[in-house]
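What follows is one structure encoded as structure tokens, with my remarks underneath.
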Amino acid sequence: MILHYIYDPLCGWCYGAKPLVQAAQQALAVVAHGGGMMTGANRQNVSPQLRNYVMPHDRRIAEYTGQPFGEAYFEGLLRDHTAVFDSAPPIAAVLAAEQIDGRGLHLLGRLQTAHYVEGRRIADKAVLLELAGAEGYDHKTFLDAFLRADTDRHVQASRRLLAEVGGQGFPTFVLEQDGQFTLIDISPWLGKPEAFAEWLREMNPDIPSADGVAVCNLDGCV
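Position one of the sequence shown corresponds to residue 39 (the numbering used here), numbered consecutively onward.
Structural data, given as structure tokens:
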């Protein structure tokens, strides 16, 4: 059984679901598919209009999921009109990490924290390389994998999967078992990662225990 996770690094609800993804990895294999919500014509410079649009949604996500949003994000990044919101570079970074050592989801979580808590510009290559280096990646090895990542093809495949399974946006969680795909409504589990992992284990009793709602649509978070 595989859990497919269709996400975007600039999707607030995906950040809200971050603890569920981390918990799910303790129960079964999780495969990430970057959807490219803010790519191409949907790339945006930060502006007062963008800030006023996303802040109410972000505060609702924080209240609903318990995920922290930092002042460096609200009062720093969202006021930096030289910053660009572009999903493609962070998706390329996730693909690079996955290609190097299978830690794409781990790096995605770090990028989400950098964006929503630390107010970092995760569309900037220099920031991505710095964050990857802090996670232990060799600069040249990571840069080579980052530049080779076929992000456009990956996004297209992710969107085809989203359409095939009937997903409405990001995040979309889909269980695959014996060639059958089943959409999961994660709304009851937001803010309850341990319960979500236990539910997944109960669905597949052969998986050993480990130690230890709303979505963004294809054009933006709503």
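Just so you know, even glycine gets a beta-carbon here, dropped at the ideal spot from N, CA and C.
Only a predicted model underlies this, so the values are computations on that prediction, with no experimental measurement involved.
Just how far apart, CA to CA, sit residue i and residue j?
{"i": "K56", "j": "I129", "result": "15 Å"}
{"i": "L58", "j": "P106", "result": "15 Å"}
{"i": "L115", "j": "L143", "result": "23 Å"}
{"i": "A187", "j": "L133", "result": "6 Å"}
{"i": "D271", "j": "S196", "result": "The structure shown does not extend to residue 271, since the chain is modelled only from 39 through 260, so no value can be given for it."}
{"i": "W227", "j": "V122", "result": "32 Å"}
{"i": "G72", "j": "G50", "result": "14 Å"}
{"i": "F234", "j": "Q63", "result": "11 Å"}
{"i": "A135", "j": "A152", "result": "16 Å"}
{"i": "L199", "j": "M39", "result": "17 Å"}
{"i": "E232", "j": "A61", "result": "6 Å"}
{"i": "N83", "j": "H119", "result": "6 Å"}
{"i": "D162", "j": "I224", "result": "31 Å"}
{"i": "L181", "j": "L167", "result": "7 Å"}
{"i": "I44", "j": "L146", "result": "12 Å"}
{"i": "R89", "j": "F211", "result": "28 Å"}
{"i": "L41", "j": "R148", "result": "20 Å"}
{"i": "L221", "j": "A70", "result": "15 Å"}
{"i": "V193", "j": "G140", "result": "18 Å"}
{"i": "V251", "j": "G104", "result": "Caution applies to V251, whose pLDDT of 48 falls short of 50 and renders its modelled position unreliable; the model cannot decide the point."}
{"i": "Y53", "j": "D176", "result": "26 Å"}
{"i": "Y154", "j": "V68", "result": "23 Å"}
{"i": "A79", "j": "Y102", "result": "30 Å"}
{"i": "Q215", "j": "M241", "result": "11 Å"}
{"i": "K230", "j": "G108", "result": "21 Å"}
{"i": "A164", "j": "Q218", "result": "41 Å"}
{"i": "L213", "j": "E202", "result": "13 Å"}
{"i": "M93", "j": "E113", "result": "11 Å"}
{"i": "A131", "j": "L48", "result": "13 Å"}
{"i": "I99", "j": "Q150", "result": "14 Å"}
What are the start and end residues of the alpha helix (DSSP H) that includes residue i?
{"i": "E202", "result": "189-203"}
{"i": "R239", "result": "231-241"}
{"i": "Q60", "result": "56-62"}
Could you pull the DSSP bridge partners for residue i from this structure?
{"i": "H71", "result": "I44"}
{"i": "V122", "result": "N83"}
In this structure, does DSSP put residue i in helix, strand or coil?
{"i": "E173", "result": "coil"}
{"i": "V155", "result": "coil"}
{"i": "Q87", "result": "helix"}
{"i": "V260", "result": "Reliability fails at V260, whose pLDDT of 49 lies under 50, so the model's placement of it is uncertain and no value is given."}
{"i": "F184", "result": "helix"}
{"i": "C49", "result": "coil"}
State the start and end residues of the unbroken beta strand (DSSP E) segment that holds residue i.
{"i": "F211", "result": "210-215"}
{"i": "I222", "result": "218-222"}
Flag this pair as yes or no: are the beta carbons of residue i and residue j separated by less than 7 Å?
{"i": "A110", "j": "E156", "result": "yes"}
{"i": "A126", "j": "T77", "result": "yes"}
{"i": "M75", "j": "D46", "result": "yes"}
{"i": "A170", "j": "I138", "result": "no"}
{"i": "G207", "j": "C254", "result": "yes"}
{"i": "D124", "j": "R81", "result": "yes"}
{"i": "L66", "j": "L238", "result": "yes"}
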